[in-house]
Each structure stands twice: as structure tokens, then as C-alpha cells.
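Quick note on this note's numbering: the sequence shown kicks off at 40 and runs consecutively.
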Amino acid sequence: MTGPRIEVRLDCLRHNAEVLVRRLAGRGIAVCGVTKATLGSPEVAAELVAAGVTSIGESRIENVERLRTAGVTTPIALVRAPLPSQVERVVAAADLSLNTELEVIAALSAAAVQQGRRHGVVLMVELGDLREGILPADVEPVAATTLRLPGVVLRGIGTNLACQSGVVPDERNMAELSALATRLEARLDTGLEIVSGGNSANLAWAFSTPTPGRVNHLRLGEAILLGCEPSRRLPIDGLRTDVFTVIGEIIESKAKPSVAWGDVAETAFGAPTPATAAGTTTRVLVGLGRQDTDPAGLTSPPGTTVLGASSDVVVLDAGDACPPVGAEVRFGVGYGALLAAMTSPFVRRNFLSGDPARVSAPLDEPPRPS
Ligand SMILES: *Cc1c(COP(=O)(O)O)cnc(C)c1O
40 MTGPRIEVRL DCLRHNAEVL VRRLAGRGIA VCGVTKATLG SPEVAAELVA
90 AGVTSIGESR IENVERLRTA GVTTPIALVR APLPSQVERV VAAADLSLNT
140 ELEVIAALSA AAVQQGRRHG VVLMVELGDL REGILPADVE PVAATTLRLP
190 GVVLRGIGTN LACQSGVVPD ERNMAELSAL ATRLEARLDT GLEIVSGGNS
240 ANLAWAFSTP TPGRVNHLRL GEAILLGCEP SRRLPIDGLR TDVFTVIGEI
290 IESKAKPSVA WGDVAETAFG APTPATAAGT TTRVLVGLGR QDTDPAGLTS
340 PPGTTVLGAS SDVVVLDAGD ACPPVGAEVR FGVGYGALLA AMTSPFVRRN
390 FLSGDPARVS APLDEPPRPS
């Protein structure tokens with residue numbers, strides 16, 4: 040084994056996706072499986088499709104194209120609004136995109152007409168989180184114009200909460216989305232097939248609401264990939280939180296004083312790590328750094344703590360243990376660490392298969408901070 044790698048338990052991934060698809064089907068909600076944190080990994084997408092997601096969600100056209108080249112035929116939704124300079128590629132590779140600007144929708148329509156296609160449009164509605172979205176009062180004219188454009192099909196409306204301002208999906212904002220869908224249908228004399236309530240942060244609402252109303256679609260990344268609910272970063276009952284593991288090699292392991300000596304100023308990445316209590320502990324250097332992952336999103340093995348990290352090294356306090364140089368250290372990952380590891384050219388991917396039917400969620404698993 041050479042250099043840093045990320046291990047992917049495909050059986051656990053499939054398990055998570057199957058559990059969520061099944062639970063949400065019981066509420067009339069279809070799952071769009073979002074692969075963006077995996078750089079559009081075809082291996083990951085294949086598990087999600089096998090688990091029953093009705094579409095794949097991606098944020099970058101390069102990833103959509105990678106999935107298509109790998110032979111994925113499942114509908115793909117671009118979940119970030121298309122870059123105006125990429126509308127031709129979006130229309131060619133994605134079935135659907137989430138949109139908020141009429142200029143972009145018109146450009147998608149023109150590109151689709153040119154290519155002899157029709158591109159699906161979901162209009163995103165701003166419900167308070169203040170990232171993407173058309174203000175509710177302005178949605179009707181945009182929808183009306185979209186309906187008149189020849190190259191696009193208005194497939195539905197959606198919203199995205201909990202990403203910019205941390206606004207939580209709840210009865211009030213989800214009811215507002217449902218009511219808007221019903222009102223638009225009446226006013227424009229059209230059907231809206233998709234009402235997309237949001238991302239993994241919507242699960243708490245989706246599982247507890249007396250009725251999901253018109254919401255029949257969620258776009259789920261983190262919940263499937265990490266088994267966690269993003270608002271409080273708690274494991275979701277019955278899901279595996281160990282789909283991904285980042286692994287690095289020990290390059291130094293020595294007992295050293297725990298307090299630094301000399302004149303102390305800033306490090307390359309800002310303030311130095313605060314000193315721990317005086318004494319001697321084993322400091323372990325792992326050959327893994329910010330060029331490979333987001334060290335702040337790593338969970339180190341029991342008995343160790345992360346003291347700090349720089350471009351190429353993570354420093355662990357291993358207490359009294361003295362792990363040998365060359366041994367591997369396995370880290371759990373949060374969303375940022377996963378994203379960085381999957382997009383780093385230094386991190387090899389190792390996909391492990393197994394029988395998803397034999398995966399079970401450990402009942403006594405402690406919450407994993409991320
Ligand atoms: C990333 C993203 C998602 C998926 O979010 P998770 O929290 O990973 O479930 C859904 N919708 C949009 C618009 C996104 O950008």
C-alpha cells in the first residue's frame with residue numbers, strides 16, 4: 040500500500056441508501072442520491088442506483104460527464120444552478136437542473152433546441168436560508184415564462200435550507216413550499232411533478248411530520264454517504280457511519296515533551312496549537328495533511344487525539360502507546376474531510392465490496408463528531 044488512501048465500504052454505502060429509500064418511500068418521497076462529495080464516483084453512483092434512488096444529483100458538469108462516460112443511464116440532476124458558460128454541456132449530459140435565473144433557463148432552452156433535446160427545469164424557491172432561490176412572490180412569472188420556452192420542461196419546484204444560514208426545514212417552511220406548488224398549478228394550469236423539499240437536513244422533518252404534503256423528493260448526499268444528519272451531526276438510526284475511512288502511514292513516532300519550547304509566534308496556518316499539560320507523550324506524525332484531506336474533519340483512533348496538521352502532516356498525541364513507523368492509522372471522516380480526500384490527487388481510492396444484506400448498523404455506536 041502506498042501513500043494516503045480512502046477506503047470505501049460499498050456494502051455499507053448500499054445499506055445506507057437502501058434504508059433511506061425504503062423509509063422515505065413509506066412517506067411518498069423519492070430519493071435523488073447526491074454524489075458530489077465523491078467527485079462523481081461511478082462506483083458510488085452504481086450502489087445508489089442499485090439501492091433504488093430515482094436520480095443522481097451532482098453539482099459539477101465534469102462529474103456528470105464522468106458518470107455518463109462510465110455508463111450511468113439513470114437520470115442525473117445538476118443541483119447547482121448551471122454556469123452560464125456551460126449550458127451546452129449541461130443540456131447534453133444532465134436531464135434536469137435546479138435553476139433560479141431566467142437568463143440561464145432561456146440559454147438552456149436555446150442550447151436544448153439546438154441539440155434536439157428538452158431539458159428539465161426545477162425552480163428553486165428561497166424560503167429563508169438565503170442561498171439559492173427565487174423569492175416566493177416572484178416564482179409565478181418565472182414559471183410562466185419557463186413554460187413558454189421550447190427547449191425546457193418545467194418539472195417542478197424545490198428549495199434548499201440549512202446550507203448558508205442554518206435555517207432548519209420545519210412544518211412552516213415545508214407547508215409554504217407545498218402551498219406554492221398547489222397555487223402555481225392552479226394559476227398556470229400545469230402539473231408539477233417534482234416538489235423537492237431539500238437535502239439531508241430535511242430528514243428529521245420528513246420522518247416526523249404528520250404529512251409531507253406535496254413534498255415528494257429529497258436530494259440526499261451526507262445522510263447516505265456518512266450515515267449522519269447534518270444539522271446536529273448525529274448518526275441516523277440504523278445507518279452505518281463508517282462507509283469511508285481515510286488511511287495514512289506513520290512517518291515518525293517518538294516520546295517528546297508535550298510543551299513546545301522557544302519563542303512562539305504564528306505557524307503557517309495561523310495560531311499554534313495550544314499546549315497541553317506538561318509531561319511526556321508519544322507524538323505520532325502521519326503522512327497525511329491538508330493537501331490530502333481536511334484534518335479538522337478527521338476522527339482519530341481511540342486513545343489518540345489530533346494535535347494539529349499542516350500541508351503534509353497530521354500530528355497525533357498517542358499517549359503512552361508507541362505505534363511503529365510504517366504502521367497505518369485509520370481515521371473516520373466528516374463531510375469536509377471526505378470532500379477534500381475525494382478531490383485530492385494524492386489520495387488513492389480503494390473500493391471494498393461485500394454483501395449489503397449482511398450489513399447491520401451497530402446499535403451501541405457512539406455519535407461521531409465531524
Ligand atoms: C449538496 C446539495 C444537496 C445534498 O446535500 P446533503 O446535505 O449532502 O444531503 C442537495 N441539494 C443541493 C442544492 C445541494 O447543493
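We put the CB at the ideal spot given by N, CA and C, even for glycine.
- According to the DSSP assignment, P251 belongs to no alpha helix (DSSP H), since it is labelled neither H nor E.
- By the 16-neighbour rule on beta-carbons within 10 angstroms, T382 is exposed.
- Per DSSP, I100 lies in no beta strand (DSSP E) segment; the continuous alpha helix (DSSP H) that holds it begins and ends at I100 to T108.
- Less than 7 Å divides the Cβ of G252 from the Cβ of S217.
- In the three-state DSSP reduction, E215 falls in the helix class (H, G or I).
- If you compare the alpha carbons of G190, A245 and T185 with that of G155, the shortest gap goes to G190.
- Bounds of the beta strand (DSSP E) holding L117 are I115 to L117.
- Nearest in C-alpha terms to V83, of all of F385, A360, D50 and P175, is D50.
- Distance between T93 and G347, taken at the CA atoms: about 42 Å.
- Apart from sequence neighbours up to five positions away, the residues of its chain that approach V178 with a beta-carbon distance below 8 Å are L162, V164, I196, L219 and L223, ordered along the chain.
- The DSSP-derived three-state label of E210 is helix.
- It is roughly 58 Å from the alpha-carbon of R226 to the alpha-carbon of V353.
- Rounded to the nearest whole angstrom, the CA to CA distance from G79 to G375 is 16 Å.
- When the five nearest sequence neighbours on each side are left out, the beta carbons in the same chain lying within less than 6 Å of the beta carbon of R119 are those of S98, in order along the chain.
- Of all C-beta pairs linking the stretch 292 to 312 to the stretch 263 to 274, fewer than three are shorter than 8 Å, placing the two stretches out of contact.
- Under DSSP, A294 forms a beta bridge with T321.
- Per DSSP, the continuous alpha helix (DSSP H) segment holding S247 begins and ends at L242 to S247.
- Shortest gap from the CB of E261 to any heavy atom of ligand 1: under 6 Å.
- Non-local C-beta neighbours of G237 in its own chain, meaning closer than 8 Å and more than five positions away in sequence, comprise G197, T198, N199, L200, A201, P208, L257 and R258, ordered along the chain.
- Around the beta carbon of L106, 16 or more other beta carbons lie within 10 angstroms, which makes this residue buried.
- The alpha-carbon of N138 is positioned some 18 Å away from that of N255.
- If you draw a straight line from the Cα of T184 to the Cα of G230, it comes to about 15 Å.
- Beyond the five residues adjoining it in sequence on each side, L174 comes within less than 7 Å, by CB distance, of E165 in the same chain, given in chain order.
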